[in-house]
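Working notes for the structure below.
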């Protein structure tokens with residue numbers, strides 16, 4: 415059951431990048447993403463109405479801030495995928511654990527020489543992808559990965575954070591509301607969306623958010639965090655395969671080289687981390 419759930423998690427989150435690209439073709443990315451996140455947050459709140467009871471202001475503020483960082487980054491990736499290949503976006507975002515290492519080093523956690531080497535190798539892969547793709551939005555995806563890492567580090571360093579259900583509910587509600595507000599402020603309009611884009615949006619809400627969250631939470635309670643963290647390098651590989659096989663994105667040699675550098679460095683970085691007693695409810 416554990417390995418079936420793990421494979422399901424890889425599938426849920428590995429297909430999210432191609433789904434975001436399909437959704438963003440004819441739907442406003444920020445508003446659509448925000449609406450989906452807000453709807454899922456309301457569903458979680460309806461399923462467990464008492465989840466937010468007893469939370470103090472600091473807990474709510476931290477969960478809300480991390481939600482804005484994490485979901486704001488995801489909405490930005492969806493915006494960038496209007497012109498950026500889904501496989502490329504997935505690989506650039508996959509450098510998230512390396513960003514976390516850099517931020518922790520800035521906060522006083524001195525990395526080892528091997529850790530520095532892993533960061534250099536991983537970011538050289540990111541540089542390959544951003545430098546060879548003739549699209550400024552690839553750099554926006556890289557910046558979104560940094561914002562995502564900031565939310566992750568903030569979550570991991572906050573004591574007495576509420577449980578996964580309450581944290582995720584607040585993150586979805588606040589992050590979704592902020593994305594909707596930004597979409598409205600920037601003048602996003604619905605236009606004439608296709609049925610395919612609507613289906614992709616529904617897929618992101620049901621599969622990426624609800625099913626992915628459920629599998630992730632169950633796995634964290636059932637098995638080790640080290641095993642669960644394998645999604646960080648399985649997801650970009652799966653996203654690239656889906657993008658090439660089903661979305662006809664060109665399989666470029668430079669993309670393969672960048673993928674090898676990023677996935678190898680992320681895999682070794684996660685393997686080198688010591689087990690922690692508490693795992694942040696984020697995609698790290």
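Residue numbers (this note's numbering): 415 to 698.
All residues carry an ideal CB built from backbone N, CA and C; glycine is no exception.
Asked, Found
"Stretch-stretch touch, CB-based, cutoff 8 angstroms, three pairs: the segment 488 to 504 with the segment 551 to 562", "yes"
"Stretch-stretch touch, CB-based, cutoff 8 angstroms, three pairs: the segment 468 to 484 with the segment 601 to 620", "no"
"Alpha carbon of residue 581 to alpha carbon of residue 679, nearest angstrom", "29 angstroms"
"Contact under 9 angstroms by Cβ, residue 423 with residue 672", "no"
"Spatial distance of residue 441 from residue 448 (CA atoms)", "12 angstroms"
"9 angstroms Cβ cutoff met for residue 707 and residue 551", "Outside the shown range of the chain (415 to 698) lies residue 707, about which nothing can therefore be said."
"Closest by C-alpha distance to residue 630, when choosing among 450, 579, 480", "579"
"Through-space distance from residue 444 to residue 593, alpha-carbon basis", "6 angstroms"
"Member of 590, 662, 667 whose CA lies at the smallest distance from the CA of residue 490", "590"
"Where the alpha helix (DSSP H) containing residue 678 begins and where it ends", "667 to 686"
"Nearest candidate by alpha-carbon position, reference residue 450, set 655, 674, 585, 648", "585"
"For residue 474, the nearest candidate out of 488, 575, 544, 662 (CA to CA)", "575"
"Neighbourhood of residue 665 by C-beta distance below 8 angstroms, restricted to the same chain and skipping five residues each side", "658"
"Between the CA atoms of residue 604 and residue 438 - distance to the nearest angstrom", "11 angstroms"
"Coil, strand or helix - residue 545 by DSSP", "helix"
"Residue 486 and residue 674 closer than 9 angstroms at C-beta", "no"
"Beta carbon of residue 545 nearer than 9 angstroms to that of residue 512", "no"
"Span separating the alpha-carbon of residue 428 from that of residue 522", "33 angstroms"
"Check whether residue 587 and residue 456 have beta carbons under 9 angstroms apart", "yes"
"For residue 609 and residue 436, believed in contact at Cβ under 8 angstroms, the rounded distance", "Actually they do not touch by this definition, with Cβ atoms about 11 angstroms apart."
"Nearest-angstrom beta carbon gap, residue 650 and residue 508 [assumed within contact, 8 angstroms]", "4 angstroms"
"For residue 417, the first and last residue of its enclosing alpha helix (DSSP H)", "416 to 428"
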